[in-house]
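The structure under discussion appears below in the form of structure tokens.
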Amino acid sequence: MAPHHHDHGQPSYNRAFTIAIALNLGFVITEAIFGFLTHSLALLADAGHNLGDVLGLLLAWGASWLVLFRPTRRYTYGLRRSSILVALLNAMILLFAMGAIAIEAIQRVKNPVAINGETIIGVALVGIVINGLTALLFMSGRKRDLNLRAAFLHMASDALVSLGVVLAGIAILATGWLWFDPVISLVIVVVILVSTWNLLRDSLNLALDAVPPGVEPLAIRTFLDETPGVVAIHDLHIWAMSTTETALTAHLVMLTGCPDDAFLARISQELHDRFDIEHTTIQIETGYSMLSCAQKSCCE
Numbered sequence: 001m002a003p004h005h006h007d008h009g010q011p012s013y014n015r016a017f018t019i020a021i022a023l024n025l026g027f028v029i030t031e032a033i034f035g036f037l038t039h040s041l042a043l044l045a046d047a048g049h050n051l052g053d054v055l056g057l058l059l060a061w062g063a064s065w066l067v068l069f070r071p072t073r074r075y076t077y078g079l080r081r082s083s084i085l086v087a088l089l090n091a092m093i094l095l096f097a098m099g100a101i102a103i104e105a106i107q108r109v110k111n112p113v114a115i116n117g118e119t120i121i122g123v124a125l126v127g128i129v130i131n132g133l134t135a136l137l138f139m140s141g142r143k144r145d146l147n148l149r150a151a152f153l154h155m156a157s158d159a160l161v162s163l164g165v166v167l168a169g170i171a172i173l174a175t176g177w178l179w180f181d182p183v184i185s186l187v188i189v190v191v192i193l194v195s196t197w198n199l200l201r202d203s204l205n206l207a208l209d210a211v212p213p214g215v216e217p218l219a220i221r222t223f224l225d226e227t228p229g230v231v232a233i234h235d236l237h238i239w240a241m242s243t244t245e246t247a248l249t250a251h252l253v254m255l256t257g258c259p260d261d262a263f264l265a266r267i268s269q270e271l272h273d274r275f276d277i278e279h280t281t282i283q284i285e286t287g288y289s290m291l292s293c294a295q296k297s298c299c300e
């Protein structure tokens, strides 16, 4: 069995989560108040989405805390996988919220409601600043953590959505066409659905033990195939233990006999350095891959 890597020291985003949640919760309340006062569905749509973001940030923050729990006899991997489940739940919440907003927007297209264009422009401009600053808090971690990537994408898209609300307000002031507000709301829904679909797809794949995004199984198999002494590979499995950690197990057939610990350590280190595999388990077999371990000699 190859040695495992346990350098899970990820940067702490506690401060980023605290600031992001506080700013967005305050903005949700502001948008909701002005949305009701001005009868702006665009503001209410954005407030609903931002509330989903707040819930998502709370869940992601909770998951980042749960992954720190040490393994137990029952939970031998700890609670790392909670981060994957949270990402999946976050995507489902957003899909539900956007569906409700889309239905209301369609009703508003048929029956427009008078709104205050100047008010929604002012509130949306504040949203551009808040969402833009919040996105920056998660920019550095977006490539390594699905939850942080979700937070970054949501905040960045929210900034663009707020820009859309500003354009709706300007259009209403210039033309008096009230249908601009629900139409912009539908555009908001589409933009959010695109980013949410990617999050849903990736988190669902990880929940089903698919190979994580960015990990190339063919390249890993080629690397193992080209390892001196290896004549066959079977039972190669690659899956996500969390949104930041990847595990691998494989059976390597070596007719020359069982290698020493240095050989296993080198393969484990190479998989870690080249493919970002955190947990590696290698079973060495001295026979053909067509047979099971019970039928041939397996190195213990």
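Using full-length UniProt numbering, the first residue of the sequence shown is number 1, and each one after it goes up by one. Even glycine gets a Cβ: it sits at the ideal position worked out from N, Cα and C.
Residue i in three-state terms, based on DSSP
{"i": "residue 302", "result": "The chain is shown from 1 up to 300; residue 302 falls before or after that span and cannot be answered."}
{"i": "E226", "result": "coil"}
{"i": "A210", "result": "coil"}
{"i": "T236", "result": "Checking the sequence, you will find Leu at residue 236 rather than Thr. L236 falls in the strand class under three-state DSSP."}
{"i": "I172", "result": "helix"}
{"i": "E118", "result": "helix"}
{"i": "V190", "result": "helix"}
{"i": "G9", "result": "With a pLDDT of only 45 at G9, under 50, the local geometry of the prediction cannot be trusted, and no value is derived from it."}
{"i": "E31", "result": "helix"}
{"i": "H279", "result": "strand"}
{"i": "I19", "result": "helix"}
{"i": "H49", "result": "helix"}
{"i": "L178", "result": "coil"}
{"i": "H39", "result": "coil"}
{"i": "T196", "result": "helix"}
{"i": "L252", "result": "strand"}
{"i": "E270", "result": "helix"}
Sub-8 angstroms separation of residue i and residue j beta-carbons
{"i": "L264", "j": "A240", "result": "no"}
{"i": "I284", "j": "C258", "result": "yes"}
{"i": "L271", "j": "L236", "result": "no"}
{"i": "I267", "j": "H251", "result": "no"}
{"i": "L57", "j": "A20", "result": "yes"}
{"i": "H121", "j": "G169", "result": "Contrary to the premise, residue 121 reads as Ile rather than His in this sequence. Result yes, Cβ atoms of I121 and G169 sit closer than 8 angstroms."}
{"i": "F34", "j": "T119", "result": "yes"}
{"i": "V231", "j": "V253", "result": "yes"}
{"i": "I93", "j": "L55", "result": "yes"}
{"i": "A150", "j": "L199", "result": "yes"}
{"i": "A97", "j": "H39", "result": "no"}
Environment of residue i [buried if 16+ CB atoms lie within 10 Å]
{"i": "V165", "result": "buried"}
{"i": "L255", "result": "exposed"}
{"i": "D7", "result": "Confidence at D7 is low in this model, with a pLDDT of 46, below 50, so its placement is unreliable and no value can be given for it."}
{"i": "F152", "result": "buried"}
{"i": "W177", "result": "exposed"}
{"i": "D145", "result": "buried"}
{"i": "R81", "result": "buried"}
Residue i versus the options, residue with shortest Cα-Cα distance
{"i": "F17", "options": "L94, M155, A47, H272", "result": "M155"}
{"i": "residue 306", "options": "L41, L85, E216, G117", "result": "Since the displayed the chain opens at 1 and closes at 300, residue 306 lies outside it and no answer follows."}
{"i": "N111", "options": "H272, L37, T286, L41", "result": "L41"}
{"i": "D273", "options": "V231, I220, I282", "result": "I220"}
{"i": "L133", "options": "R70, A114, N24, T281", "result": "N24"}
{"i": "A100", "options": "Q269, S185, A32, I84", "result": "S185"}
{"i": "L218", "options": "I238, T76, R73", "result": "I238"}
Exercise. Can at least three beta-carbon pairs, one atom from the stretch 202-221 and one from the stretch 83-95, be found at a separation below 8 angstroms?
Worked result: Here the stretch 202-221 makes contact with the stretch 83-95; the two share three or more CB pairs at distances below 8 angstroms.
Exercise. Would the stretch 132-142 and the stretch 179-188 be scored as touching if the rule is three or more Cβ pairs under 8 angstroms?
Worked result: Look at the beta carbons and you see the stretch 132-142 not touching the stretch 179-188: under three pairs across the two are nearer than 8 angstroms.
For this session: Specify whether the stretch 113-131 and the stretch 233-250 touch according to this definition: at least 3 beta carbon pairs, one from each stretch, less than 8 angstroms apart.
Result: Because the criterion of three Cβ pairs below 8 angstroms is not met, the stretch 113-131 and the stretch 233-250 do not touch.
Exercise. Within the chosen definition, does the stretch 63-76 reach the stretch 225-237 through at least 3 CB pairs nearer than 8 angstroms?
Worked result: Using a Cβ-Cβ distance cut-off of 8 angstroms, the stretch 63-76 and the stretch 225-237 are not in contact, since fewer than three pairs of beta carbons, one from each stretch, lie closer than that value.
For this session: Please confirm if the stretch 144-161 is in contact with the stretch 188-199, defined as three or more CB-CB distances below 8 angstroms between the two stretches.
Result: Taking a contact to require three or more Cβ pairs closer than 8 angstroms, the stretch 144-161 and the stretch 188-199 qualify as touching.
Exercise. Is the stretch 24-38 touching the stretch 50-58, taking contact as three or more C-beta pairs under 8 angstroms?
Worked result: Cβ pair count under 8 angstroms is three or more, so yes.
For this session: Say whether the stretch 40-47 touches the stretch 97-106, bearing in mind that this needs 3 or more beta-carbon pairs closer than 8 angstroms, one atom from each stretch.
Result: The stretch 40-47, when compared against the stretch 97-106, does touch it at the 8 angstroms Cβ threshold.
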